[in-house]
Amino acid sequence: MSAALMPYEEALAKYEPVLGVETHIELGTASKMFCGCPTTFGAPPNTQVCPVCLGLPGSLPVANKAAIEGIIKIGLALNCTIVEWCRFARKNYFYPDMPKNFQISQYDEPLCVDGHLDVEVDGETYRIGIERVHMEEDTGKSLHVGGATGRIHGADYSLVDYNRAGIPLVEIVTKPITGTGDKAPLVARAYATELRELVRALGVSDVRMEEGSMRCDINVSLAPRGSAEWGTRTETKNVNSLRSVERAVRHEIERQAAVLESGGTVVQETRHFHEDTGTTTSGRSKEEAQDYRYFPEPDLVPIAPSREWVEELRASLPELPAARRRRVQAEWGLTDLELRDVVNAGALDLIEDTVKAGCAPAPARKWWMNELSRRAAEQGVELSDLPITPRQVARIQALIDEGSLNDKLARQVFEGVLAGEGDPDQVVAARGLKIVSDEGELSAIVDQVIADNAEVAEKVRSGKVAAAGALVGAVMKATRGQADAARARELILEKLGAS
Amino acid sequence: MSAITRDEVAHLARLSRLALGEEELDHLAAQLDVIISAVARVQEVAAEDIPPTSHALPLTNVFRPDEVRPSLSPEQALAGAPAAEEQRFRVPRILGEEA
Ligand SMILES: [Zn+2]
Numbered sequence: 000m001s002a003a004l005m006p007y008e009e010a011l012a013k014y015e016p017v018l019g020v021e022t023h024i025e026l027g028t029a030s031k032m033f034c035g036c037p038t039t040f041g042a043p044p045n046t047q048v049c050p051v052c053l054g055l056p057g058s059l060p061v062a063n064k065a066a067i068e069g070i071i072k073i074g075l076a077l078n079c080t081i082v083e084w085c086r087f088a089r090k091n092y093f094y095p096d097m098p099k100n101f102q103i104s105q106y107d108e109p110l111c112v113d114g115h116l117d118v119e120v121d122g123e124t125y126r127i128g129i130e131r132v133h134m135e136e137d138t139g140k141s142l143h144v145g146g147a148t149g150r151i152h153g154a155d156y157s158l159v160d161y162n163r164a165g166i167p168l169v170e171i172v173t174k175p176i177t178g179t180g181d182k183a184p185l186v187a188r189a190y191a192t193e194l195r196e197l198v199r200a201l202g203v204s205d206v207r208m209e210e211g212s213m214r215c216d217i218n219v220s221l222a223p224r225g226s227a228e229w230g231t232r233t234e235t236k237n238v239n240s241l242r243s244v245e246r247a248v249r250h251e252i253e254r255q256a257a258v259l260e261s262g263g264t265v266v267q268e269t270r271h272f273h274e275d276t277g278t279t280t281s282g283r284s285k286e287e288a289q290d291y292r293y294f295p296e297p298d299l300v301p302i303a304p305s306r307e308w309v310e311e312l313r314a315s316l317p318e319l320p321a322a323r324r325r326r327v328q329a330e331w332g333l334t335d336l337e338l339r340d341v342v343n344a345g346a347l348d349l350i351e352d353t354v355k356a357g358c359a360p361a362p363a364r365k366w367w368m369n370e371l372s373r374r375a376a377e378q379g380v381e382l383s384d385l386p387i388t389p390r391q392v393a394r395i396q397a398l399i400d401e402g403s404l405n406d407k408l409a410r411q412v413f414e415g416v417l418a419g420e421g422d423p424d425q426v427v428a429a430r431g432l433k434i435v436s437d438e439g440e441l442s443a444i445v446d447q448v449i450a451d452n453a454e455v456a457e458k459v460r461s462g463k464v465a466a467a468g469a470l471v472g473a474v475m476k477a478t479r480g481q482a483d484a485a486r487a488r489e490l491i492l493e494k495l496g497a498s
Numbered sequence: 000m001s002a003i004t005r006d007e008v009a010h011l012a013r014l015s016r017l018a019l020g021e022e023e024l025d026h027l028a029a030q031l032d033v034i035i036s037a038v039a040r041v042q043e044v045a046a047e048d049i050p051p052t053s054h055a056l057p058l059t060n061v062f063r064p065d066e067v068r069p070s071l072s073p074e075q076a077l078a079g080a081p082a083a084e085e086q087r088f089r090v091p092r093i094l095g096e097e098a
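Taken in sequence, the protein lines are chains L and P. According to numbering that gives the first Met the number 0, the first sequence holds residues 0 to 498 in order. According to numbering that gives the first Met the number 0, the second sequence holds residues 0 to 98 in order.
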């Protein structure tokens, strides 16, 4: 049964959305948060488990230093304060995705607090407040057997794999995001995108939403326009792509507006997002699971990061995405729109690496944004998935710059490289794609073309210079496109006394 | 005033998936009340200048290096499981009351 929806524009005319985003990011450490088990994605079930992450009696967790450094880096990159002292907490719940009946998390003492992340939508900057960033451990994966769809409801029993249980997990919680109006879905998506870029730049996680190493929960509530009071919020889980973040917000706005419009009340609950339909359905009601009985984790000692350590980590931060975008925009002389196109095409790294390989920024951008973007779109793959490297693109441009190739021949070289025919120089040699720059050879070809096209040549001689185009075309054909067309034209006009 | 009410004990029992009968609740609520009251006496010695303790040792920042150590084999891991299937722990259906 699908819920009643209010058309988006109407919903926005009547209500102001308030958003919140909770993002879980698995850190890319070699070992788990509190034990030495490996964290390899996709390993056979229960091959990466030990007494600690299975919660067997007598085992003792010890925090992974690299994970603590990772979360502090994330906190610093999000402009957070790193607290001087904090503890882990036990979050107690009875659910088999954690074998010990609790998850080690942080409760009222998060490691990083009070930061922000700026995101841009349609040329406007939105400052997203960060409430907290805390450290916890991931849970196991359940497979629900029986029932029609493998979903939890109607399942006869569940099979649990604890390989993921205990992988370091960072939770990043925004402050309420207000004042975004009809841009709310785009702001939520821009935030998730920027956060992913940021964490990827830090090198602490591979942030792959499709593999679940980054997952978003989206809170949405509506306030009647002009009212200071926020409505009841829902929390949508399972939002596992950037596009879904946008769709989930939009759907909840339309759904909640319809509920309110019909005189109903929004229920505070967990909802599940469905990628196939772009809709949400009710999950467990919140009060059922809310009593977590948090208490300080007695098996772990407090974390008290020294200011020296924090400053050391701050100094180790790489150039962050926003600063990098500003730098390349200035260095490459791009307009805001051009920069946005490059970023949206996923071409920033590729162009920058091409420039680093010795290519000028303008041609580097031209090849990636035109020729190669077109080919990627044709094949339905990401630009970065094309089988060509920035170094190869730079080499092709170098061949153009030294006069060995023109743009037309270069396209054939791109084609050859993409077809797996080898490096640009190998493709040029194998396909015989060098500009005929030997003056004597070109001159002989021009003579031949003039002899073969006496009528046209006569027109040119008598002053119809425009007719020379046909002769240039014949020269290009005779050389299979490998002549320098401008030089050929000069030679033709010279020889016909029309220059 | 009791330290824990019968209703609170019933709530905790439910969260812990313990099926307690009416008589058991009466019995346990009274017992737990005595235990909690006894433990609560610790608060009498807590003074203003003593911060609440969550750990017996005055240590901070105990970390391990990010190094992989051998895990158990799946057979070892599953040895104590009441039921296993496809190299996974088999558990009764979840959210039984709601399905
Ligand atoms: Zn382990």
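Just so it is clear, CB atoms sit at the ideal spot from N, CA and C, and this is done for glycine as well. Computed from a predicted structure; not experimentally measured.
Alpha carbon to alpha carbon, what distance is there between residue j and residue i?
i	j	result
P:E96	L:S281	Low confidence applies here, because P:E96 scores a pLDDT of 38, under 50, leaving its location unreliable; read the following figure in that light. Those two C-alpha atoms are separated by around 16 angstroms.
L:F272	P:E22	44 angstroms
P:P64	L:G419	43 angstroms
P:P69	P:V44	46 angstroms
P:L77	L:E296	26 angstroms
P:R40	P:D25	23 angstroms
L:L316	L:M32	22 angstroms
L:R390	L:L347	15 angstroms
L:D384	L:F413	15 angstroms
P:D32	P:T4	8 angstroms
L:L201	L:D352	18 angstroms
L:A497	L:D424	38 angstroms
L:V258	L:L349	47 angstroms
L:G262	L:T235	22 angstroms
L:V48	P:P73	8 angstroms
L:K571	L:A487	Nothing can be reported for residue 571 of chain L, as the shown portion of chain L is limited to 0 through 498.
L:S240	P:N60	36 angstroms
L:L53	L:P184	39 angstroms
L:G277	L:A303	44 angstroms
L:E286	L:R242	Caution applies to L:E286, whose pLDDT of 46 falls short of 50 and renders its modelled position unreliable; the model cannot decide the point.
L:E245	L:A428	49 angstroms
P:E66	L:D406	51 angstroms
P:P110	P:A29	What is shown of chain P runs 0 to 98, which leaves residue 110 of chain P out entirely.
L:N505	L:K140	There is no way to answer for residue 505 of chain L, as the model of chain L reaches only from 0 to 498.
L:I449	L:V459	10 angstroms
L:A66	L:E136	10 angstroms
L:S157	P:E85	11 angstroms
L:G379	L:K463	48 angstroms
L:W367	L:A191	25 angstroms
L:E209	L:G27	15 angstroms
L:R410	L:E370	8 angstroms
Name the one or two DSSP bridge partners that residue i has.
i	result
L:P295	L:A88
L:L142	L:L158
L:K236	L:H271
L:Q102	L:K90
L:C111	L:I81 and L:V132
P:F62	L:A62
L:E21	L:V172 and L:D216
L:P223	L:Y14
L:R126	L:D117
Does the distance between the C-beta of residue i and the nearest non-hydrogen atom of ligand 3 fall short of 7 angstroms?
i	result
L:N237	In the structure on display, ligand 3 does not appear, and the ligands it does have are ligand 1.
Can you give me, in chain order, the residues of the segment 300-317 of chain L that have a beta carbon less than 7 angstroms from any beta carbon in chain P?
-> Here the close residues are V300, P301, I302 and A303.
Which parts of the segment 24-76 of chain L are runs of the beta strand (DSSP E), unbroken and 3 residues or longer, counting only runs that do not cross its ends?
-> If we require 3 residues or more, the segment 24-76 of chain L turns out to have no beta strand (DSSP E) run fully inside it.
Proximal residues, the segment 191-206 of chain L versus chain P, C-beta separation under 7 angstroms = Cβ contacts with chain P come from no residue of the segment 191-206 of chain L.
In the segment 13-27 of chain P, which residues sit with their C-beta less than 9 angstroms from some C-beta in chain L, listed in chain order?
-> L14, S15 and R16
Name all residues in chain order for which at least one heavy atom of ligand 1 lies closer than 5 angstroms to the residue's CB.
-> L:C34, L:C36, L:C49, L:V51 and L:C52
Just by C-beta distance, which residues in the segment 64-87 of chain P are closer than 7 angstroms to chain L?
-> P64, D65, E66, V67, R68, S70, L71, P73, A76, L77, E84, E85, Q86 and R87
When Cβ atoms are compared, which residues of the segment 14-37 of chain L fall closer than 8 angstroms to chain P?
-> T28, A29, S30, C34, G35, C36 and P37
With 9 angstroms as the limit, tell me which residues of the segment 34-61 of chain L have their beta carbon closer than that to any beta carbon of chain P; keep them in chain order.
-> Answer in chain order: C34, G35, C36, P37, T38, P43, P44, N45, T46, Q47, V48, C49, P50, C52, L53, L55 and V61.
Any beta strand (DSSP E) of 3 or more consecutive residues that is wholly inside the segment 156-205 of chain L = 156-160 and 167-173
Within 8 angstroms of chain P by C-beta, residues of the segment 382-408 of chain L in sequence order | Within the segment 382-408 of chain L, not one residue has a Cβ closer than 8 angstroms to any Cβ of chain P.
Between the segment 100-111 of chain L and chain P, which residues of the former have a C-beta closer than 7 angstroms to a C-beta of the latter?
-> none
Of all the residues that make up the segment 38-60 of chain P, which are near chain L by a beta-carbon distance shorter than 8 angstroms?
-> Those residues of the segment 38-60 of chain P placed with their C-beta closer than 8 angstroms to a C-beta in chain L are S53, H54, L56, L58, T59 and N60, ordered along the chain.
Curious, which full-length alpha helix (DSSP H) runs of at least 4 residues does the segment 8-94 of chain P contain?
-> Taking only runs of at least 4 residues, the alpha helix (DSSP H) segments lying wholly in the segment 8-94 of chain P are 21-39, 41-44 and 73-77.
If contact means a Cβ-Cβ distance below 9 angstroms, which residues of the segment 121-138 of chain L contact chain P?
-> none
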